[in-house]
Amino acid sequence: MSETIEFSATVSATTRNGVLVVTIDNAPVNATSVDVRDGLEKTLAHAEAAAGLTGVVITGAGKTFIGGADIKEFGKPAMDPTLPAVIEKIENLSKPVVAALNGAALGGGLEVALACHYRVAAPAAQVGLPEVKLGIVPGAGGTQRLPRLIGIPAALDLITSGRSVKAAEALKLGIVDELAAGDLVEAAISAASVLAGKPLRRTGELTIALSDTAEIEKTSARILAKARGQKAPAEAVRLVTSSNRPLAEGLADERATFLILRDSREAAALRHVFFAERESSKVEGLEGVEPRPVRTIGICGLGLMGSGIAVAALGAGYSVIGLDQTAEAAEKGKERIIGLLERNVASGRLDQTGFEAQKARLSVTATDADLAPCDLVVEAVFDDLAVKTSLFQRLDKVIRPDAVLATNTSYLNPEEIAAATVHPERVLGLHFFSPAHVMRLLEVVRCAKTAPDVLATGLAVAKKLRKLPVVTGVTEGFIGNRIFSAYRREAEFLLEDGALPHEIDAALEDYGFPMGLFAVYDMAGLEIAWARRKRQAATRDPSARYVEIADTLCEAGRLGQKAGRGWYAYPDGRRTIDPEVTTIIEAARTKKGITPRTFSKTEIVERMLGAMGLEGEALLAEGIAARASDIDLVMINGYGFPAHKGGPMFSRS
Ligand code: 3HC
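Counted the way numbering that gives the first Met the number 0 counts, the sequence shown spans residues 0 to 652.
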């Protein structure tokens, strides 16, 4: 092996068997920052000129090949060389360039690999073009080279979904040429040596395989319908489906589109979300704190929520002991959990071996003492203070003193539950969203006495469950339900002031919510919120504005979709505007002497966002949420706020 040549601070190379082995080392994810691009450009010039070199291998240091373009450079003045310029030089080098994919090759990382003349992947590698998730399209050849390599239908799927595929699937699709069974770089060096002196297969020169245009049109229409007004998926469809044209023309169109999208509000919002997700796990006071080891999780209450939590825990590799009140209830819970696992098998998310392994890690009981081996116990029983505190007092007697106790309450005060236990320092809240095995958000509730390592344990378990944990302080409804209450309240004020449910819903859906608020109410049923309002009636501030319309609907038996009527009517199951609801709303306005006025969609959305924003400011001022971006994550991942709008707090900026 020759001496190491440093082409830049992040790109260095050694020569092995006449092949220049180039390593990109730009922690944390080897993004193609300007120093990497600069180093690569110099490397290529060196390789072209050096008579003794027969080929080049490009690989990444650490566990990533290249994580993509450096998103932190977006929004800054352009710095040469650009990534497309470097990539063009890779493709046009007269000597073979082999990509040795040691880990994730994403976005610009895969675009670098696509321009190489051969791709060898380690089994742990994965490839993808996730740009649409950032509100952009691939900007360095992805939309033009990938269809040349794997055809338009497969490229359309990958680019518009942004999903990444593992090495084995990448091989099957034809994105990579070889999987390295042994040493990756050795395999890549061998490949470069074999290719030396032969005509090179340049991806940009390949002709695109003919495919069924009707099928492509159908797929494109489906993607556009799902995009709900977002620009990037539509542009990705356009670029991929038109890729059968001269490469230079396609690349120029792609770059121009990329630059416009990169500077758009939508892309700024999605970048905000990307960084917010990484930021949210940085919690004050937890630096250097080790979580407690967790192998076995106890789950109390095996209803819908408890079963969902169990499925998530089994999927993450934990052993689960489920507790319910009677042996029959426990057995029924077990059946429900297994039913959910079977659904995962049916949908292809879980194979038969995985299913058997997960089933083997599940046991259920009606005896508290059987929870003794648990490292963490999560309760998901009826949301009633007396029920939860007495359960925790029982658990205190049977689980180890160092085991963590988590309550999954939505509205109760976890401080009161913690205070009723012998070791309040080991109590925290884990507020799952339903269905718990599907929804990504997990509010991790820090009580006054929660020990730092207990909070760290909650976060570590959440990560292992592949959830998005957001830490919240204690307040009625935590972050999400407090903001949601403000949002709901404002919608009801709007009703009294002159808007109708379908007008508010249409404005929200146009903004990007998957479903309007009143349609969601009807789907969920109105009775639980009604019961809560009745409970709170005695303590409600009499001077605060209170809208009675929802109560009137409930009193009239309009309890939502299941009852056939709620905020809408459902003749033959289809949601329709109901004049009876309009009459109830008008009567409520008259009773309060309100003269209704009309609201534009923009006004409706502004009022709703304004209310959420104000409540968010209050949560920050009270120290309940650590940062505005945490609030955005909660509303996006738990309440349908459109990610491409960045969240209620981002939308104020
Ligand atoms: N640019 C800048 N910083 C990045 C980055 C990127 N592309 N990708 C990740 N980072 C940063 C994160 O912000 C985080 O920083 P922090 O430690 O200060 O919080 C750090 O790298 C580690 O990130 P993760 O916590 O996500 O690390 P993981 O090991 O869990 O995951 C990964 C690694 C799979 C590469 C993941 O980071 C990822 O998915 N990154 C984004 C991939 C992506 O979207 N690439 C496309 C970029 S756009 C593009 O390439 C345009 C091109 O077509 C021209």
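C-beta: ideal position from N, C-alpha, C; glycine also.
Original post:
In whole angstroms, what is the alpha-carbon distance linking Phe517 and Arg626?
Top reply: 29 Å
Original post:
What's the C-alpha gap between Glu614 and Arg481?
Top reply: 7 Å
**OP:** Rounded to whole angstroms, what's the CA-CA distance from Ser210 to Leu170? Just pull it up for me.
**Re:** 20 Å
**OP:** Report yes if the C-beta distance between Cys553 and Leu507 is below 8 Å; otherwise report no.
**Re:** no
Original post:
Can you tell me whether Ser7 is buried or exposed, with buried defined as 16 or more other CB within 10 angstroms of its CB?
Top reply: buried
**OP:** Pick out whichever of Ala224, Lys75, Ser542 has its Cα sitting closest to the Cα of Thr159.
**Re:** Ala224
**OP:** Measure the Cβ-Cβ separation of Leu269 and Leu133 and say whether it is below 8 Å.
**Re:** yes
Original post:
Quick check: the segment 115-122 against the segment 138-146, are there 3 or more CB pairs under 8 Å?
Top reply: no
Original post:
Are the C-beta atoms of Gly287 and some chain B residue less than 8 Å apart?
Top reply: No chain B is present in this structure, which holds just one protein chain.
Original post:
For ligand 1, which residues count as neighbours when the test is a C-beta closer than 6 Å to any heavy atom?
Top reply: Pro27, Val28, Ala30, Thr63, Gly66, Gly67, Ala68, Asp69, Ile70, Lys71, Leu82, Ala103, Leu105, Gly106, Gly107, Glu110, Pro129, Glu130, Leu133, Pro137, Gly138, Ala139, Gly141, Phe274, Arg277
Original post:
How big is the Cα-Cα spacing for Lys331 and Ala365?
Top reply: 12 Å
Subject >> Residues sharing a beta bridge with Tyr117, DSSP >> reply: Val97
**OP:** Report back the beta-carbon spacing between Pro423 and Lys396 to the nearest angstrom; my notes put them in contact at under 8 Å.
**Re:** Contact between Pro423 and Lys396 is ruled out by a C-beta separation of about 16 Å, above the 8 Å threshold.
Original post:
Going by beta carbon distance, what residues of the same chain come within less than 6 Å of Ser650, once the five residues before and after it are set aside?
Top reply: Spatial neighbours of Ser650 in its own chain (CB-CB distance under 6 Å, excluding positions within 5 residues in sequence) are listed in chain order as Leu608, Lys644.
**OP:** Name the two residues that bound the continuous alpha helix (DSSP H) containing Gln392.
**Re:** Taken as a continuous stretch (DSSP letters only), the alpha helix (DSSP H) holding Gln392 covers 384-397.
**OP:** Could you tell me which residues DSSP puts in a beta bridge with Pro468?
**Re:** According to DSSP, which records beta bridges pairwise, Pro468 is partnered with Leu441.
**OP:** Write down the C-beta distance between Ile296 and Val363 rounded to the nearest angstrom, noting that I regard them as a contact closer than 8 Å.
**Re:** At roughly 13 Å, the Cβ-Cβ gap does not stay under 8 Å, so Ile296 and Val363 are not in contact.
Subject >> Buried or exposed by the 16-neighbour rule on C-beta atoms within 10 Å, applied to Ile527 >> reply: exposed
**OP:** Taking 8 Å as the threshold, find out whether the segment 299-307 comes into contact with the segment 257-268 through three or more Cβ pairs.
**Re:** no
**OP:** Starting from Ala103, follow its DSSP beta bridges and name the residues at the other end.
**Re:** Thr63, Gln125
**OP:** Measuring alpha carbon to alpha carbon, tell me which of Ala50, Gly38, Gly102 ends up nearest Asp79.
**Re:** Gly38
Original post:
In terms of alpha-carbon separation, which member of Gln535, Asp509, Gln560 lies closest to Thr601?
Top reply: Asp509
Original post:
Between Gly102, Ala123, Leu157, which lies nearest to Pro129 when the distance is taken from Cα to Cα?
Top reply: Leu157
Original post:
CB Gly138 to CB Leu105, shorter than 8 Å?
Top reply: no
Subject >> Of the listed residues Ser93, Gly173, Gly61, Asp69, nearest to Ala123 (C-alpha basis) >> reply: Ala123 has its Cα closest to that of Gly61, out of Ser93, Gly173, Gly61, Asp69.
Original post:
Between the Cα of Leu148 and the Cα atoms of Ala543, Leu499, Thr202, Ala326, which residue gives the shortest distance?
Top reply: Thr202
Original post:
Which class does Arg564 belong to by DSSP, given the choice of helix, strand or coil?
Top reply: strand
Subject >> Secondary structure, alpha helix (DSSP H): runs of 4+ residues fully inside the segment 599-625 >> reply: 600-620, all fully within the segment 599-625.
**OP:** Please state whether DSSP places His45 in a helix, a strand or coil.
**Re:** Note: His45 maps to helix in three-state DSSP.
Subject >> Cβ neighbours of Val96 in the same chain (closer than 6 Å, five flanking residues each side left out) >> reply: Contacts found: Val55, Ile89, Cys115, His116.
**OP:** Put Thr218 into one of helix, strand or coil per three-state DSSP.
**Re:** Three-state DSSP puts Thr218 in a helix.
Original post:
Which residue comes first and which comes last in the alpha helix (DSSP H) that contains Phe512?
Top reply: No alpha helix (DSSP H) holds Phe512; DSSP gives it neither H nor E.
Original post:
Just to confirm, does Tyr486 get its C-beta within under 7 Å of one of the non-hydrogen atoms of ligand 2?
Top reply: Ligands present in the displayed structure are limited to ligand 1, and ligand 2 is not among them.
Original post:
At a cut of 8 Å, does the segment 631-646 reach the segment 244-261 through at least three beta carbon pairs?
Top reply: no
Original post:
Hey, how far is the Cα of Leu301 from the Cα of Glu327?
Top reply: Whole-angstrom Cα-Cα distance: 11 Å.
Subject >> Own chain, CB closer than 8 Å to Arg534, minus 5 neighbours either side, in chain order >> reply: none
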